[in-house]
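Participant:
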Amino acid sequence: MVDTLTPAQRSERMSRIRSTNTKPEVTLRKALHRLGFRFRLHGNRLPGKPDIVLPRYRTAIFVHGCFWHRHEGCKVATTPKTNTSFWVDKFNRNVARDAAAAVELQASGWKVLVAWECDLRTPEKAAAKAAKLSGEIRAGFAEEQ
Ligand SMILES: [Zn+2]
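Numbering-wise (our numbering), the sequence shown opens with residue 76 and increments by one.
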């Protein structure tokens with residue numbers, strides 16, 4: 076990926092993308108809803124503010140942008156060639172923050188799941204991802220179904 080944006084431009088663009096109700100998040104929410112899941116949006120009181128919260132399953136789902144949250148092995152998770160140390164620093168902080176939130180949630184009994192943006196590009200991909208997440212969400216709750 077050619078890096079044609081200044082850090083400020085990129086930061087501005089990404090902060091818009093990062094705002095609530097981003098498209099991948101909406102796509103996943105619809106797919107999960109179709110599978111019968113009901114949830115609270117934006118667990119603002121929970122560590123890391125998970126994007127989708129399923130209180131019944133005590134599960135928190137984060138929808139992560141591959142670039143910002145460093146999806147390992149993903150082609151979107153490039154490192155800009157200019158101001159590299161600035162970006163590496165920023166990425167490291169994001170990853171550390173994500174990890175800390177997951178640890179904190181798990182410590183209070185939450186199951187933490189992550190959906191990467193690249194898995195939610197189309198409704199079809201989102202449906203496949205939701206089906207996979209469904210198994211993980213319900214794991215340990217099978218006896219109630
Ligand atoms: Zn990805």
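For glycine and all other residues, C-beta sits at the position ideal for the given N, C-alpha and C.
(1) Determine contact between the stretch 207–214 and the stretch 125–145, defined as no fewer than three beta-carbon pairs at a distance below 8 Å.
(2) Relative to the C-alpha of Arg-196, which residue among Val-151, Val-178 and Arg-113 is closest?
(3) In this structure, how does DSSP classify Leu-110 when only helix, strand and coil are distinguished?
(4) Near Lys-200, what residues of its chain come up, given a Cβ to Cβ distance below 7 Å and the 5 sequence neighbours on each side ignored?
(5) On a CA-only basis, which of Leu-80, Lys-98, Thr-102 and Pro-82 is nearest Ala-203? Give me that one, please.
(6) In chain order, which continuous runs of the beta strand (DSSP E) of length 3 or greater are located wholly inside the stretch 155–217?
Facilitator: According to the structure shown:
(1) yes
(2) Val-151
(3) coil
(4) Asp-194
(5) Thr-102
(6) 186–191
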